[in-house]
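Novice: Quick one: structure below, then a few questions.
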Amino acid sequence: MEGIVCANCHSWLALDTSACPGCGCPVVLDGDGKNVIDRLQPDCLIHRYEGSDMLEPAVVLKEGKANVKAATKLQEYAQPVTVPKAKVYAFDQNLLGSIQALRNERTATIRRYDQQIQSHWHQLKPYKHS
Ligand SMILES: [Zn+2]
161 MEGIVCANCH SWLALDTSAC PGCGCPVVLD GDGKNVIDRL QPDCLIHRYE
211 GSDMLEPAVV LKEGKANVKA ATKLQEYAQP VTVPKAKVYA FDQNLLGSIQ
261 ALRNERTATI RRYDQQIQSH WHQLKPYKHS
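The following block contains the structure:
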């Protein structure tokens with residue numbers, strides 16, 4: 161882990177920070193008074209890239225009328241991504257896992273086809289006038 165997020169103002173902090181430079185709160189790393197976020201606990205899935213079928217687990221930080229600000233990793237708490245509400249889905253680990261597994265399979269299959277096509281290409285002979 162490279163850093164933590166202030167739970168109060170969402171500033172990105174180095175692990176050895178004693179007080180948050182964003183809001184001035186003394187940093188409490190553990191216990192009841194813990195006021196940092198050190199682990200992303202996704203509560204939604206976002207579809208960020210047009211034309212892609214990739215879903216990313218994320219945390220909703222702010223909900224607007226049309227858009228949602230979300231973080232897909234701790235570093236993004238300070239600079240969240242903006243996603244249209246229609247492209248934010250309820251978190252579902254099973255669906256995410258299934259989609260991800262199929263996406264990986266597809267990538268592996270495409271790579272295999274590319275290699276097979278390449279191996280045929282390598283057998284092509286240069287054209288010679290007879
Ligand atoms: Zn802070």
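The numbering of the sequence shown is the working numbering, which starts it at 161 and goes up by one. The beta carbon of each residue, even a glycine, is placed where N, CA and C say it ideally should be. All values derive from a computational prediction rather than experimental measurement.
Does at least one heavy atom of ligand 1 sit under 7 Å from the Cβ of N254?
Specialist: The residue you call residue 254 lines up with position 94 of the sequence shown. Incorrect: N254 has no Cβ contact closer than 7 Å to ligand 1.
Novice: L262 to Q253, Cα distance in whole Å?
Specialist: Residue mapping note: residue 262 aligns to position 102 of the sequence shown, counting from 1. Residue mapping note: residue 253 aligns to position 93 of the sequence shown, counting from 1. Straight-line Cα distance between these residues: approximately 14 Å.
Novice: State the Cα-Cα distance for the pair Q201 and V228, rounded to the nearest angstrom.
Specialist: Mapped onto the sequence shown, residue 201 falls at position 41. Mapped onto the sequence shown, residue 228 falls at position 68. Whole-angstrom Cα-Cα distance: 17 Å.
Novice: Just to confirm the assignment, what range does the beta strand (DSSP E) spanning Y237 have?
Specialist: In the sequence shown, the residue the question calls residue 237 occupies position 77. That residue, Y237, is in no beta strand (DSSP E); it is neither H nor E in DSSP.
Novice: Over the uninterrupted alpha helix (DSSP H) stretch that includes L255, give me the two end residues.
Specialist: As a position in the sequence shown, residue 255 is number 95, starting the count at 1. That run of the alpha helix (DSSP H) goes 253 to 281.
Novice: Quick one: any contact between the region 161 to 181 and the region 230 to 246, if contact means 3 or more CB pairs under 8 Å?
Specialist: At 8 Å Cβ cutoff, the stretches touch.
Novice: Would the C-beta of G182 count as close to ligand 1, meaning under 7 Å from any of its heavy atoms?
Specialist: Taking the first residue of the sequence shown as position 1, residue 182 is located at position 22. Flag set: Cβ of G182 near ligand 1.
Novice: Within its chain, find whatever has a CB closer than 7 Å to the CB of D178; leave out the 5 residues flanking it on each side and keep chain order.
Specialist: As a position in the sequence shown, residue 178 is number 18, starting the count at 1. A small fix is needed here, since residue 178 is Ser in this sequence, not Asp. Cβ within range, chain order: P186, V187.
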